[in-house]
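Reading through the structure tokens given below for one structure.
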Amino acid sequence: MTTTTPQEVLDRIKETEGRAIVATVHNVSRSGMSRTATFGLMNTNGTEVMTLNYIIHEVTGTTLRHDQKLRLKGCGLDVLFDTLYRFYQAIGLSYEDALEYASHYISIG
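Each residue of the sequence shown is one higher than the last, beginning at 172 in our numbering.
Structure (structure tokens):
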């Protein structure tokens, strides 16, 4: 699966080393095996957040629901970290950078 990630998104992620990513979990299934989440990228002054869900969906194949939230599957792991790590690897970050950047997200909710 290939898609073009906007250069401004790549630049902002690299510039902030992943520290401008905001992740929100909206719902956890009764079984605990899946959850819905939204990922966003804060602008330079932190006043606006651009949703990354569609880009993450296109790059990683993660399910995008009709309400534009991502459905993340997994149990016993940090699925937000895993999703970001797979996204960073898919857009060409090195193993080390992807691992480091994925651990810097801000979780809300």
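Note that the Cβ used here is the ideal one computed from N, Cα and C, for glycine as well.
Assigned with DSSP and collapsed to three states, Ile262 falls in coil, not helix or strand. Burial check for Leu248: the Cβ neighbour count within 10 Å stays below 16, so the residue is exposed. Cβ-Cβ distances below 8 Å link Val196 to Arg206, Thr207, Ala208, Leu251, Ser278, Gly280 in the same chain, with the five nearest sequence neighbours on each side left out; the list follows chain order.
Asn198 is bridged by DSSP to Thr207. Closest option to Asp238, judged by alpha-carbon separation, among Asn198, Glu186, Glu188: Asn198. Nearest Cα to Thr218 within the set Arg236, Val193, Lys185, Thr234: Val193.
Excluding residues up to 5 positions away in sequence, Ile227, Val230, Thr231 lie with their Cβ nearer than 7 Å to the Cβ of Phe258 in the same chain.
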